[in-house]
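Asker: To get the working numbering, take the position in the sequence shown, counting from 1, and add 66.
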Amino acid sequence: MLNHLLSYVMPLTRTVQSAVNGPMEVTWYQGRKVLDTRHANYSYGSLERVMRYGLLFVAPEQAEHTLLLGLGGGSVVAILRQEKQYQGHLTAIEIDPVIIELADTEFGIRPDAQLEIVRADAFEWVHTAPTSQFGLIVVDLFVDLALPAGLQTTAFWQELRRILRPGGYILFNTLTEVPLYVDNKEMSAYLETTGFSVKTMEVELLNQLFILQKTA
């Protein structure tokens with residue numbers, strides 16, 4: 067309660083070291099806690115606004131099972147539960163054990179009957195998931211401000227299409243200033259050849275969202 071009140075006067079920051087993401091900062095600011103890396107917001111700040119907006123276009127209420135590739139502090143989980151009254155199952159894949167611990171201790175996001183959290187490399191884990199398992203997949207895979215090279219591989223997108231149900235959606239968060247290519251094609255052009263309808267939008271100046279729907 068004291069930190070909550072003091073945060074309206076000055077930010078209060080605790081730094082935790084991560085071997086995967088570098089220094090992680092948990093900051094009380096204006097009565098809320100946010101999770102940041104050295105250069106990026108990971109949860110409950112600008113990223114929360116970006117993902118809240120993106121979720122308007124992917125019909126989460128229709129997904130019985132949602133896959134989160136990248137957990138962060140769990141802001142997408144919180145939005146789905148608290149704002150969307152999401153009742154389906156959630157599976158979150160997160161490679162960084164420090165982030166999993168912070169999501170639990172700082173933000174109250176921990177495994178329960180609805181939420182499964184798996185510590186794994188998302189690019190490896192998707193190969194093990196059942197076909198047509200998920201109605202919604204949220205892809206938010208960053209290391210600070212860097213986008214992993216696996217996002218630009220045909221194998222990753224082929225696997226996402228395989229594990230997505232017909233008519234299901236993918237919400238993919240990227241950066242406006244970082245062009246992505248797959249199979250020597252710009253990302254949008256490539257995805258349109260693989261059985262997705264593709265919509266892109268710029269949010270919060272720096273972020274670009276891909277809204278994908280499996281069409282066949």
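Positions of the beta carbon are idealized from the N, C-alpha and C atoms, including for glycine.
Quick caveat: nothing in here was measured; it's all calculated off a predicted structure.
(1) Applying the 10 Å Cβ sphere with the 16-neighbour rule, what's the burial state of Tyr247?
(2) Closest to Arg227 by CA distance: which of Leu278, Thr157, Glu160 is it?
(3) Tell whether a beta-carbon distance below 9 Å holds between Ala125 and Gly140.
(4) Roughly how many angstroms lie between the CA atoms of Thr242 and Leu271, to the nearest whole one?
(5) From Leu133 to Val164, what does the alpha carbon distance come to, in whole angstroms?
(6) Which residue marks the beginning of the alpha helix (DSSP H) containing Ile145, and which one marks its end?
(7) How would you label Glu182, buried or exposed, when you count the other beta carbons within 10 angstroms and need 16 or more for buried?
(8) Leaving out five residues before and five after Trp191 in sequence, what residues of the same chain have Cβ atoms less than 6 Å from its Cβ?
(9) Classify Val143 as buried or exposed, calling it buried when 16 or more other Cβ atoms lie within 10 Å of its own Cβ.
(10) Check each candidate in Glu172, Arg118, Glu130 and name the one with the smallest Cα separation from Glu149.
(11) Quick one: what's Trp191 bridged to in DSSP?
(12) With a 10 Å radius around its C-beta and 16 neighbouring C-beta atoms as the bar for buried, classify Asp178 as buried or exposed.
(13) Under the assumption that Val204 contacts Leu135 (Cβ atoms under 8 Å), give the Cβ distance between them as a whole number of angstroms.
(14) If we ignore side chains and look at the alpha-carbon of each, how far apart do Glu252 and Glu258 end up?
(15) Find out if the Cβ-Cβ distance for the pair Ser112, Asn273 is shorter than 9 Å.
(16) Is Pro214 helix, strand or coil when you go by DSSP?
(17) Do you know how far the Cα of Pro214 is from the Cα of Ala188?
(18) Quick check on Ile165: does DSSP put it in helix, strand or coil?
(19) Helix, strand or coil for Thr81 per DSSP?
(20) Pick from Asp170, Leu217, His131: whose alpha carbon is nearest that of Pro196?
(21) Suppose contacts are defined by Cβ-Cβ distances below 9 Å. Is Gly201 in contact with Tyr235 by that definition?
(22) So Thr220 is in the beta strand (DSSP E); what residue range does that whole segment cover?
(23) Report the residue from Leu78, Pro77, Val86 whose alpha carbon sits nearest the alpha carbon of Asp210.
Answerer: Answer, in terms of the structure:
(1) exposed
(2) Leu278
(3) no
(4) 8 Å
(5) Straight across, the Cα-Cα distance linking Leu133 with Val164 is about 20 Å.
(6) Unbroken run through Ile145: none, as it is neither H nor E.
(7) Label assigned to Glu182: exposed.
(8) Ile159
(9) buried
(10) Nearest C-alpha to Glu149: Arg118.
(11) For Trp191, no pairing in a beta bridge is given by DSSP.
(12) exposed
(13) Here Val204 really is in contact with Leu135; their C-beta atoms are around 7 Å apart, less than 8 Å.
(14) 10 Å
(15) yes
(16) coil
(17) 11 Å
(18) helix
(19) strand
(20) His131
(21) yes
(22) No beta strand (DSSP E) holds Thr220; the alpha helix (DSSP H) holding it covers 220–229.
(23) Val86
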